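K.L.:
Chains A and B, in that order, give the protein sequences.
Going left to right, the first sequence walks through residues 3 to 227 as this note's numbering numbers them.
Going left to right, the second sequence walks through residues 24 to 133 as this note's numbering numbers them.
Glycine included, every Cβ here is placed at the ideal spot set by N, Cα and C.
None of the values given here were measured: they were computed from a predicted structure.
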Amino acid sequence: MRRHLPTALIALLCLALGLAIATQVRRTNAGDTLADQRPQDLVVLLDGLQQREAVLRREIADADAALSRLQASGDSTAAALAEAQRRADALAVLAGTVPAAGPGLEIEVTDPQHGIAPADLLDAVQELRAAGAEAIEVGAVRVGVDSAFTGSTGAVQLDATKLAAPLTVLAIGDPPTMAAALNIPGGVVDTVERAGGTVRITQRDRVDITALRTIRTPQYARPAG
Amino acid sequence: MIGIVALVLGVLLGLWLDPAVPAWVQPYLPIAVVAALDAVFGGVRARLDGIFDAKVFVVSFVSNVVVAALIVLLGDELGVGAQLSTAVVVVLGIRIFGNAAAIRRHMFGA
Numbered sequence: 003m004r005r006h007l008p009t010a011l012i013a014l015l016c017l018a019l020g021l022a023i024a025t026q027v028r029r030t031n032a033g034d035t036l037a038d039q040r041p042q043d044l045v046v047l048l049d050g051l052q053q054r055e056a057v058l059r060r061e062i063a064d065a066d067a068a069l070s071r072l073q074a075s076g077d078s079t080a081a082a083l084a085e086a087q088r089r090a091d092a093l094a095v096l097a098g099t100v101p102a103a104g105p106g107l108e109i110e111v112t113d114p115q116h117g118i119a120p121a122d123l124l125d126a127v128q129e130l131r132a133a134g135a136e137a138i139e140v141g142a143v144r145v146g147v148d149s150a151f152t153g154s155t156g157a158v159q160l161d162a163t164k165l166a167a168p169l170t171v172l173a174i175g176d177p178p179t180m181a182a183a184l185n186i187p188g189g190v191v192d193t194v195e196r197a198g199g200t201v202r203i204t205q206r207d208r209v210d211i212t213a214l215r216t217i218r219t220p221q222y223a224r225p226a227g
Numbered sequence: 024m025i026g027i028v029a030l031v032l033g034v035l036l037g038l039w040l041d042p043a044v045p046a047w048v049q050p051y052l053p054i055a056v057v058a059a060l061d062a063v064f065g066g067v068r069a070r071l072d073g074i075f076d077a078k079v080f081v082v083s084f085v086s087n088v089v090v091a092a093l094i095v096l097l098g099d100e101l102g103v104g105a106q107l108s109t110a111v112v113v114v115l116g117i118r119i120f121g122n123a124a125a126i127r128r129h130m131f132g133a
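(1) Among ALA226(A), ARG215(A), ILE23(A), whose alpha-carbon lies nearest the alpha-carbon of LEU93(A)?
(2) Mapping the DSSP letters down to three states, classify PRO8(A) as helix, strand or coil.
(3) Using the beta-carbon of each residue, which ones in chain A are nearer than 9 Å to ILE119(B)?
(4) Does the segment 154-164 of chain A come close enough to the segment 173-182 of chain A to have 3 or more Cβ pairs within less than 8 Å?
(5) Could you tell me whether the Cβ atoms of ASP122(A) and ALA167(A) are closer together than 8 Å?
(6) Check whether the segment 75-89 of chain B and the segment 39-53 of chain A are in contact - that is, three or more C-beta pairs closer than 8 Å.
(7) Listing by chain order, which chain A residues have their CB less than 7 Å from the CB of ILE25(B)?
(8) Would you say VAL90(B) lies against chain A (beta-carbon separation less than 8 Å)?
(9) Since LEU21(A) and GLY37(B) should fall inside the 8 Å C-beta cutoff, what is the C-beta to C-beta distance between them, to a whole number of angstroms?
(10) Output the residue ranges of the alpha helix (DSSP H) runs that lie fully inside the segment 128-192 of chain A and measure 4 residues or longer, sorted by chain position.
(11) Give, in chain order, every residue of the segment 97-123 of chain B whose Cβ lies closer than 7 Å to some Cβ of chain A.
(12) Closest to ILE119(B) by C-alpha separation, out of ALA59(B), VAL48(B), TRP39(B), would be which residue?
(13) Answer with buried or exposed for TYR51(B), where buried requires no fewer than 16 other C-beta atoms within 10 angstroms of its C-beta.
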């Protein structure tokens, strides 16, 4: 009996060890790690969480304040934005950076004797503008604020693009007003016919001006005031 | 031999029964397991060296477990429980490695 006692004890201890190992492994796998942690560790953990919560609450308050501020200014901002958009659209049509469509004139100019001078076409554009034309295209060139007629009689250039007769001029504006402006005695039609050319003016309900200009960045001029 | 059989039996029993561990034992169970493993490896090495003594094994097993648990308990009371349990695991791990190396030399001759 005395010889068997240590053996039985060894077996008992090993059994207990196996039991403990299995239990511990099972508990670790269960994933409830917080339950095993010491109070000190848990306090540190809790402290970290509370600090994080405070930071997040501050962020929420900041975001709320920003939200109400933006909502307050949102209405006036939207109105200002719509106004700015409308002005940008109008300016884009005038500057020639977007296509334009509307009622206007289609003017066909022929020049068989090559007698039309740059000044004659400039007169035509001026007359159209004076009559309220909002967008003008001469040949394949959109007329903008910095357009210039150059060249010589019979070989007119607009913005360094050669204009070949017969020439089509498109203008958007009030058709009767513009037609009357071109037809006044001593006006554009008279001048062209004296130079040996013909002018045919057609009033249309819809004229499409698709030629575009690229905006030039001012090199010398700066906004002042 | 009986030890190994009992160990396997204990693992199976633990997996089958899934005993609940009392809350006050929970922090000490992993340390106790490692300490007991150290004792078991030491016992195996002694058996291979031919100097195995059942009494020594039983006493070393129990004292290992108790001392390891006491050290961790003391550490918890002093507020350095986590560090002390790390220290205990490191020391016991080194001893287990040493014993495992000796066992390896016996079994494989290398």
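P.N.:
With the structure as the only source:
(1) Here residue 93(A) is taken as the residue at index 91 of the first sequence, counted from 1. The shortest Cα separation from LEU93(A) among ALA226(A), ARG215(A), ILE23(A) belongs to ARG215(A).
(2) Indexing the first sequence from 1 puts residue 8(A) at position 6. In the structure shown, PRO8(A) sits in a helix (DSSP, three-state: H, G or I).
(3) Translated into the one-based positions of the second sequence, residue 119(B) becomes position 96. Near ILE119(B) there are no residues of chain A at all, since even the closest Cβ is about 13 Å away, more than 9 Å.
(4) no
(5) Reading the first sequence from its first residue, position 120 is the one you call residue 122(A). Reading the first sequence from its first residue, position 165 is the one you call residue 167(A). No, Cβ-Cβ distance for ASP122(A) and ALA167(A) is not below 8 Å.
(6) no
(7) Taking the second sequence and counting its residues from 1, one reaches residue 25(B) at position 2. Result: THR9, ILE12, ALA13.
(8) In the second sequence, residue 90(B) corresponds to position 67, counting from 1. No, VAL90(B) does not count as interfacial toward chain A.
(9) Counting from 1 along the first sequence, the entry for residue 21(A) is found at position 19. Counting from 1 along the second sequence, the entry for residue 37(B) is found at position 14. About 4 Å; that satisfies the 8 Å criterion.
(10) 177-185
(11) For the segment 97-123 of chain B, residues whose beta-carbon sits nearer than 7 Å to a beta-carbon of chain A comprise ASP99, GLY102, GLY104, ALA105.
(12) Position 96 of the second sequence holds residue 119(B). The candidate whose alpha carbon is nearest that of ILE119(B) is ALA59(B).
(13) Within the second sequence, the letter at position 28 stands for residue 51(B). Label assigned to TYR51(B): buried.
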